[in-house]
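**Q** Here it is, the structure in full.
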Amino acid sequence: MAIGTGSAVENFDAQSLAITTSASIADGGFSSTAMATAITNSENCMVAAAVFQGTFAANPSGVVNLYARKLNVQSANSENTPDGNNTGGYVGSFPLDAGQTAQVVAIEIPLQNIGASQQYEFYISNDGVASLNSGATVHVTPKAVVPKA
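Numbering (the working numbering), first residue to last: 1371 to 1519.
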């Protein structure tokens, strides 16, 4: 299939490791700031691909939710860290396969930029019923729709 010049195609920025869990996360629990790596949206993309990879202690039966915390939104002040009382910054859910403990799930998420080269920290909450083992990761790849050359 040939795509004509000027047609809309996706252009991908570099994939970045946004989260590595250094401890297990119980059902209803959140990842911590220590598990997050700041990502800079240097191309000011409005959407991104997000990939969750992790293993649960038993077959899960729900979702893993993803949150984006915007950094330096007013000078050096950042949004509050997502937790059980603050679910602002929710950007999407990774649906889990109830028949497998090991999961790899990709979704598309919005990136809400407050300024140029917005920085983010990403967090997950485990709503999968089973405990999420340490070593789970989330990778984020900003992307944009551009005309094909």
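Idealized CB from N, CA, C, for every residue including glycine.
1) In whole angstroms, give me the CA-to-CA distance for Ala1418 and Ala1514.
2) State the Cα-Cα distance for the pair Ser1394 and Ala1378, rounded to the nearest angstrom.
3) At what residues does the beta strand (DSSP E) containing Ser1463 begin and finish?
4) Would you kindly check if the distance between the Cβ of Glu1491 and the Cβ of Ile1373 is under 9 angstroms?
5) Quick check on DSSP: helix, strand or coil for Thr1410?
6) Would you identify the three-state DSSP class for Thr1403, choosing helix, strand or coil?
7) Nearest to Asp1467 by alpha carbon, out of Gln1423, Thr1375 and Tyr1460?
8) In the DSSP assignment, find the beta strand (DSSP E) that holds Leu1481 and state where it starts and stops.
9) Between Pro1452 and Gly1462, which are expected to be in contact by the criterion C-beta below 8 angstroms, what is the C-beta distance as a whole number of angstroms?
10) Short check: CB of Thr1425 to CB of Thr1390, under 9 angstroms?
11) With which residues is Ser1495 paired in a DSSP beta bridge?
**A** Working from what's here:
1) 8 angstroms
2) 41 angstroms
3) Tyr1460 to Pro1465
4) no
5) Strand, per DSSP.
6) The answer is helix: DSSP assigns Thr1403 an H, G or I state.
7) Gln1423
8) Leu1481 -> no beta strand (DSSP E), and no H or E assigned at all.
9) Not really, about 13 angstroms apart at Cβ, beyond 8 angstroms.
10) no
11) Phe1400 and Asn1435
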